[in-house]
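Input: a single structure, listed below in structure tokens.
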Amino acid sequence: MSKTTLHITNGNALTDYLLQLDIVTNENVISWQETLCVGPTVEEVASEAFINTRKSFFKSFYDIRLSKKEITSELKKLDNISNFTEIVLWFEYDLFCHINMVAVISLLEQKKIFLPIYLVCSGRVEGEKGLKALGELKPKQLQAHYDDRVKLNVDDISLAKNVWKIYCGNDHNLLKPLIIRSSSFKYMSNCLKAHIKRFPDMRSGISTLEYNILNLVKENTITSRRHLVGYTLHYQGYYGYGDLQLERVINLLSMFFTETEESLTLNRKGHLALEHQHNYQTEMNNTIYFGGVRAIDYIFDKKQNKLIKTIINAN
Numbered sequence: 001m002s003k004t005t006l007h008i009t010n011g012n013a014l015t016d017y018l019l020q021l022d023i024v025t026n027e028n029v030i031s032w033q034e035t036l037c038v039g040p041t042v043e044e045v046a047s048e049a050f051i052n053t054r055k056s057f058f059k060s061f062y063d064i065r066l067s068k069k070e071i072t073s074e075l076k077k078l079d080n081i082s083n084f085t086e087i088v089l090w091f092e093y094d095l096f097c098h099i100n101m102v103a104v105i106s107l108l109e110q111k112k113i114f115l116p117i118y119l120v121c122s123g124r125v126e127g128e129k130g131l132k133a134l135g136e137l138k139p140k141q142l143q144a145h146y147d148d149r150v151k152l153n154v155d156d157i158s159l160a161k162n163v164w165k166i167y168c169g170n171d172h173n174l175l176k177p178l179i180i181r182s183s184s185f186k187y188m189s190n191c192l193k194a195h196i197k198r199f200p201d202m203r204s205g206i207s208t209l210e211y212n213i214l215n216l217v218k219e220n221t222i223t224s225r226r227h228l229v230g231y232t233l234h235y236q237g238y239y240g241y242g243d244l245q246l247e248r249v250i251n252l253l254s255m256f257f258t259e260t261e262e263s264l265t266l267n268r269k270g271h272l273a274l275e276h277q278h279n280y281q282t283e284m285n286n287t288i289y290f291g292g293v294r295a296i297d298y299i300f301d302k303k304q305n306k307l308i309k310t311i312i313n314a315n
């Protein structure tokens, strides 16, 4: 284990696992704790505008008060990395991780850190069913992933920076050509497709993830919102949302549920939404930002496979 390697992980849980396996030390690891796949973002990562924007979002959306110190404590470790000769990123296959990852790569460029960058990314594992998070891998599997880390080339870094710039901007249709771009990011295409479909479908006004959640309620015996969060965690595909994000999505969908002390079922609106018989976009009033745009300001046109500015907000 070279002491000249700086590791940047996707969070404290993975950092703790890597510390247990002696793959990293406290001195050469940074835990990236952000959730940039939801809420407004600013392209200049760690700038005053970025910090203030994220603080405001966490307070208004999650009622969580974060201090500037809490947001920047790990980032400050990048101010002096003269002892390191390479960087290894540990990020997973999902949208949650990929948005954080492209922000990290952009931040390194913004700080003029031009060290070789390697990526350890989990996903499909030989002999295993489904997609695996890094923290779900057995020690030998995780070590094998590290041994097989991929060095990012100039085109990879350019792609990551471009994705982040577009994500922070106001035209996410610009991501579409990048979906078919060849790169070392095996799951980038899936993540960008998943992101575009986070916007309301023009027929029902609900996103693909929201549609899938309603379908889970229809097809399964669900006892509570908390029970539904657990189900969705396992059946959300490439989104990678955690409990906090899914709870907010499910709360937003409450207008489609009939709830009792023992059950949660679809009401008439829920069935109409699943059948694309009524558009509920305005009624839901989903004010969440995805980077530089609000979800409510666009609809996803499945036939054209693109985002269209909503009529009520098209100026």
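Just so you know, we're using the numbering used here here: the sequence shown kicks off at 1 and counts up by one. Beta carbons are placed, not taken as given, at the ideal position from N, Cα and C, and that holds for glycine. Fair warning: this is a prediction, and the values are worked out from it, not measured in the lab.
| Check | Outcome |
| --- | --- |
| If you scan the segment 54-103 from start to end, which runs of the alpha helix (DSSP H) of 4 or more residues do you find wholly inside it? | 68-72 |
| Can you tell me the Cα-Cα spacing of ILE196 and VAL120, whole angstroms? | 25 Å |
| Rounded to the nearest angstrom, what separates SER204 and GLU27 at their Cα positions? | 50 Å |
| Beta-carbon within less than 7 Å of LEU246's beta-carbon, same chain only, minus the 5 sequence neighbours each way: which residues are those? | VAL229, THR232 and LEU233 |
| Give me whichever residues DSSP pairs with LEU131 in a beta bridge. | ARG124 |
| Can you tell me whether DSSP reads ILE8 as helix, strand or coil? | strand |
| Which residue's Cα is closest to the Cα of GLU48: THR35, ILE71 and LYS59? | ILE71 |
| Nearest to LEU131 by CA position, among ILE166, GLU92 and GLY169, is which residue? | GLU92 |
| Run the CB neighbour count on THR5, radius 10 Å, all protein chains shown included, and call it buried at 16 or more, exposed below. | buried |
| Starting from the Cα of MET255, find the closest Cα among GLY270, GLU275 and PHE199 and give me that residue. | GLY270 |
| With DSSP run on the structure shown, which of helix, strand or coil describes PHE185? | coil |
| Where LEU253 and GLU275 are concerned, what is the direct C-alpha to C-alpha distance, given to the nearest angstrom? | 16 Å |
| I'd like to know if the segment 139-156 and the segment 16-32 are in contact, where contact means that at least 3 CB-CB pairs between them fall below 8 Å. | yes |
| Per DSSP, what kind of secondary structure is GLY230 in: helix, strand or coil? | helix |
| Any heavy atom of the ligand ADP closer than 8 Å to the Cβ of LEU228? | Among the components modelled here there is no ligand, and therefore nothing to report on the ligand ADP. |
| Helix, strand or coil, according to DSSP, for VAL38 in the structure here? | coil |
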